[in-house]
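Some notes on the structure that comes next.
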Amino acid sequence: MNALSRIDKLDIKELLSKGWITHDAMWFYHSLEEVGIEKTNKINRAAVKSMATIEAMRIKKALGFQDKPFTSFVDLVDFMNGAMDIVAARFMHFKFISPEKNVVQWAFEKDNCFAYKGICRLGVIDQYECGVIHRIESWLHALQISFRIEPVVDKCIMHTKGECRGKLIFNLL
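The sequence shown begins at 10 in the working numbering and counts up one residue at a time.
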């Protein structure tokens with residue numbers, strides 16, 4: 010019996026997600042030490058955008074959406090729910106719902122965003138530009154889906170507003 014057959018799929022996902030986030034955190038830390046927060050933010054957001062563009066296309070294909078554009082809100086929500094099932098691990102404490110047509114809401118548990126906690130430990134939360142929500146925005150840009158985001162997320166809103174929650178507003182069928 011091989012190792013993958015002995016481990017539950019969700020535990021494998023959690024392990025791989027933790028590995029990815031640890032790499033991301035170590036990359037951010039060493040970049041911060043080397044070039045400072047301003048350049049690290051710029052490079053991080055560029056890297057997130059590039060990665061998310063490729064990731065969105067891979068997830069779209071994996072979920073069977075590769076041959077059609079997103080014109081219906083139902084299809085978009087199916088895609089986003091599937092994408093979150095794939096990439097969001099339990100330790101991330103991220104909620105994602107669609108309370109009404111053309112609205113998707115997100116929220117992290119109070120003071121429990123993995124990026125917020127890590128950047129606080131580095132002592133630069135007041136200058137950090139959020140990469141987490143930027144990843145989701147970058148998916149939507151890559152998929153050529155028009156949307157509006159409320160609030161606009163540049164700096165960490167867990168830090169500036171005391172909570173990280175908001176909504177994506179679409180105009181789909």
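Glycine is no exception: its CB is placed at the ideal position from the N, C-alpha and C atoms.
Asked, Found
"Between the C-alpha atoms of Val-162 and Arg-99, what's the straight-line distance to the nearest angstrom?", "23 Å"
"Please report the distance separating the alpha-carbon of Asn-11 from that of Ile-68.", "26 Å"
"To the nearest angstrom, how far is it from the Cα of Lys-104 to the Cα of Glu-43?", "34 Å"
"For Tyr-38 and Asp-120, what's the separation of their Cα atoms in angstroms?", "20 Å"
"Would Met-167 and Cys-122 be called neighbours here (beta carbons separated by less than 7 Å)?", "yes"
"Is Glu-118 buried or exposed, if buried means 16 or more other CB atoms sit within 10 Å of its CB?", "exposed"
"Hey, how far is the Cα of Asn-180 from the Cα of Ala-71?", "25 Å"
"Using beta carbons (cut-off 7 Å, strictly below), is Ser-147 in contact with chain B?", "The structure shown contains no chain B; it is built from a single protein chain."
"Give me whichever residues DSSP pairs with Trp-115 in a beta bridge.", "Phe-105 and Gly-175"
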